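Q: In this note's numbering, the protein residues as written are 24 to 319. Using N, Cα and C, we set each Cβ at its ideal position, and we do this for glycine too. Computed from a predicted structure; not experimentally measured.
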C-alpha cells in the first residue's frame with residue numbers, strides 16, 4: 024500500500040480479546056504527549072503532516088479506531104461499534120503504552136466525541152486542546168441534519184450503498200476538501216476500505232450518530248457537551264474549515280462559546296479535511312501554540 028508522507032511504522036495493541044488496534048507512537052518517549060484522534064471515514068493518515076511537524080519534540084499517539092485504517096475490522100459479533108467502545112479503547116491504548124499523565128487532545132470529526140468522552144473520566148489529564156472541525160456536543164438546534172448523513176444512517180439502503188460502493192470514504196475524499204487531493208493521497212484515504220467487510224466501521228459510525236435521547240451514544244455526548252466549558256481555563260487552539268457541510272459555523276460557534284480564550288484560525292476556503300487543505304499553515308501554527316504553552 025503506497026502511503027505518501029506516511030513514513031511511520033505503527034504497533035498493534037490488543038484492546039479486546041483477539042481484536043488489535045493499530046497505533047502510531049512517534050517522538051521521544053519523554054516528550055509531552057499529543058493524542059490525535061481521527062474521525063469517519065478517515066484514519067491516522069489524516070494526521071500525518073502534524074505528526075511529521077511535531078515528532079522531533081512531542082510524543083504523538085495516533086490510533087486507528089477499530090474498523091478503520093490499519094486496525095482490525097471485526098464483524099458485529101466480535102465488536103460493538105459504539106461511542107462507548109471507542110472511549111474504552113482509547114483508555115486501553117494509553118494504559119498499554121504506559122501513558123498515565125497529562126496529554127494534549129487533538130481531535131477531528133468523531134475524534135471530538137471520542138476524546139471528550141474519554142476526558143469525562145480523565146478531566147485533569149487534559150492540559151491542552153487542538154480542535155479541528157469536530158463536535159463534542161449535540162447537533163445545534165439551528166443546524167439542519169445534512170441529507171447525506173441522514174441517508175447514511177439508514178440501516179438498509181444507506182448501508183447497502185456505503186458498503187457495496189465505498190460511497191462515504193470515496194465521496195469524502197472529494198467533497199471534504201476544497202483543494203483537490205492528489206490521486207495517490209486520495210487512494211491512501213480509501214485504501215483500508217477495500218471490501219464489504221472492511222467498510223463496516225464507516226457505516227456503523229454514521230448509524231451511531233446520537234441525535235436524541237433514544238440513541239445509544241446520546242448520554243455520553245450530552246455529558247461531554249455539558250463538561251466542555253470546564254476546559255475553558257486550558258490553552259486551546261481551534262482550526263476550522265468553513266466549507267464543511269456538516270461541522271460548519273454552527274459547531275464553530277459552539278466551541279467559541281465554550282472555549283472563549285481559544286486561539287482560532289478559521290478558513291473560508293477550506294473544507295472538512297482542514298489539515299489537507301491548509302496543513303502548510305496549520306502545522307506550524309499548532310506547533311507554535313504547543314511551544315508557547317508548555318506543560319508545567
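Do residue 87 and residue 42 have their CB atoms nearer than 7 Å?
A: Position 64 of the chain shown, counted from the first residue, corresponds to residue 87. Position 19 of the chain shown, counted from the first residue, corresponds to residue 42. Not closer than 7 Å, so no.
Q: Label residue 158 either buried or exposed according to how many other C-beta atoms from any shown protein chain fall within 10 Å of its C-beta, with 16 as the threshold for buried.
A: Walking along the chain shown from the start, residue 158 turns up at place 135. By the 10 Å Cβ count, residue 158 comes out buried.
Q: Assuming residue 136 is part of the alpha helix (DSSP H), what are its boundary residues?
A: In the chain shown, the residue the question calls residue 136 occupies position 113. Its alpha helix (DSSP H) spans residues 133-142.
Q: Straight-line CA distance for residue 99 to residue 231?
A: Residue numbering aside, residue 99 sits at position 76 when the chain shown is read from its first letter. Residue numbering aside, residue 231 sits at position 208 when the chain shown is read from its first letter. Their backbone Cα atoms lie some 13 Å apart in a straight line.
Q: What span of residues does the beta strand (DSSP E) with residue 124 cover, start to end?
A: Stepping through the chain shown from its first residue, residue 124 is reached at position 101. Premise fails: residue 124 is in no beta strand (DSSP E) and is neither H nor E.
Q: Opposite residue 236 in the DSSP bridges: which residues?
A: The residue labelled residue 236 in the question sits at position 213 within the chain shown. Bridge partners of residue 236: none, in fact.
Q: Pull up the CB-CB distance for residue 156 and residue 270, whole angstroms please, since I reckon it's below 8 Å.
A: Mapped onto the chain shown, residue 156 falls at position 133. Mapped onto the chain shown, residue 270 falls at position 247. About 4 Å; that satisfies the 8 Å criterion.
Q: Let's test the definition: count the other Cβ atoms within 10 Å of the Cβ of residue 293 and tell me whether it reaches 16, buried, or not, exposed.
A: As a first step, residue 293 is located in the chain shown; it is residue number 270 there, counting from the start. Buried: at least 16 other Cβ atoms inside 10 Å.
Q: What are the start and end residues of each continuous beta strand (DSSP E) run of 3 or more residues lying completely inside the segment 46-93, in chain order?
A: Segments of the beta strand (DSSP E) lying fully in the segment 46-93: 56-60 and 82-86.
Q: Measure the alpha-carbon distance for residue 97 versus residue 274 and round it to whole angstroms.
A: Here the question's residue 97 lines up with position 74 in the chain shown. Here the question's residue 274 lines up with position 251 in the chain shown. Roughly 32 Å separates the two Cα atoms.
Q: Have a look at residue 166 and residue 127 and give me their C-alpha separation to the nearest angstrom.
A: The count along the chain shown starts at 1 and reaches residue 166 at position 143. The count along the chain shown starts at 1 and reaches residue 127 at position 104. Going by the C-alpha atoms only, they are around 29 Å apart.
Q: Apply the 10 Å Cβ neighbour rule to residue 44 and answer buried if 16 or more other Cβ atoms are within range, or exposed otherwise.
A: Here residue 44 refers to the residue found at position 21 when the chain shown is read from its first residue. Answer is buried; the Cβ neighbour count reaches 16.
Q: Would you check if the segment 140-150 and the segment 70-83 touch, i.e. whether three or more CB-CB distances between them fall below 8 Å?
A: No, they do not touch.
Q: Could you say if the segment 207-218 and the segment 45-55 meet the contact criterion of at least three C-beta pairs nearer than 8 Å?
A: The segment 207-218 is not in contact with the segment 45-55.
Q: Can you have a look at residue 299 and say buried or exposed, based on whether 16 or more other CB atoms are within 10 angstroms of its CB?
A: Against the chain shown, residue 299 aligns to sequence position 276. When all chains shown are included, residue 299 counts as buried.
Q: Quick one: what's residue 241 bridged to in DSSP?
A: Mapped onto the chain shown, residue 241 falls at position 218. Bridge partners of residue 241: none, in fact.
Q: Report all residues from its chain with a CB closer than 6 Å to the CB of residue 70; omit the five preceding and five following residues, and keep chain order.
A: For the purposes of this step, residue 70 is taken as residue 47 along the chain shown, with counting starting at 1. So the list reads 59 and 85, once near-sequence residues are dropped.
Q: Using the three-state DSSP reduction, which class does residue 286 fall into: helix, strand or coil?
A: Your numbering for residue 286 matches position 263 in the chain shown. Residue state, collapsed to three classes: strand.
Q: Roughly how far, in whole angstroms, is the beta-carbon of residue 286 from the beta-carbon of residue 260, given that I think they are within contact range, below 8 Å?
A: Mapped onto the chain shown, residue 286 falls at position 263. Mapped onto the chain shown, residue 260 falls at position 237. Confirmed, about 5 Å.
Q: Out of 139, 114 and 276, which one is the CA nearest neighbour of residue 38?
A: Counted from its first residue, the chain shown places residue 38 at position 15. Comparing Cα positions, the closest option is 114.
Q: Three Cβ pairs or more, each shorter than 8 Å: is that satisfied between the segment 219-227 and the segment 132-145?
A: Result no; under three Cβ-Cβ pairs closer than 8 Å.
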